[in-house]
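Beneath this line is the structure, given in structure tokens, with notes to follow.
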Amino acid sequence: MINFVTVATFTYPYEYAILRIVLDQKGIQYVFENELMLSVFPFYSNALGGISLKVHKNDVDITKQILEDFNSKQSHLRIV
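With full-length UniProt numbering, the residue at position 54 of the sequence shown is 54, and numbering never jumps.
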């Protein structure tokens with residue numbers, strides 16, 4: 001985990017469900033920190049700082065581009 005960097009934070013698992021598939025397709029190494037804890041205790045989200053998307057430091061730039069595309073209002077992958 002030393003070589004992993006936080007690039008985004010989410011409150012609920014549904015916010016990154018499709019993003020996980022995109023990251024897998026691109027072969028990006030990632031981990032969602034606090035995912036299990038907040039699935040069991042969703043009201044702890046604020047106390048734990050949400051669910052952090054961490055990616056390998058070599059994949060930071062491509063992941064940031066994917067996140068920008070993903071959050072674009074024109075994106076067909078965007079969750080309303």
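Ideal Cβ placement from N, Cα and C applies to all residues, glycine included.
In or out: residue i buried (at least 16 other Cβ within 10 Å) or exposed?
{"i": "Ile66", "result": "buried"}
{"i": "Phe41", "result": "exposed"}
Mind reading off the beta-carbon distance from residue i to residue j? Whole number of angstroms is fine, and I expect it under 8 Å.
{"i": "Ala8", "j": "Leu53", "result": "4 Å"}
{"i": "Phe32", "j": "Tyr16", "result": "7 Å"}
Using the C-alpha atoms, what's the distance from residue j back to residue i?
{"i": "Phe10", "j": "Ile51", "result": "5 Å"}
{"i": "Ala47", "j": "Tyr30", "result": "23 Å"}
{"i": "Lys57", "j": "Phe43", "result": "30 Å"}
{"i": "Thr6", "j": "Val55", "result": "7 Å"}
{"i": "Gly49", "j": "Tyr12", "result": "11 Å"}
{"i": "Asp69", "j": "Ile28", "result": "16 Å"}
{"i": "Ile21", "j": "Asp61", "result": "18 Å"}
{"i": "Phe4", "j": "Gln25", "result": "19 Å"}
{"i": "Thr63", "j": "Gln74", "result": "18 Å"}
{"i": "Asn71", "j": "Met1", "result": "26 Å"}
{"i": "Asp59", "j": "Ser39", "result": "26 Å"}
Which ranges would you report for the beta strand (DSSP E) in the region 12-68 if only whole runs of at least 3 residues count? 30-33, 51-56
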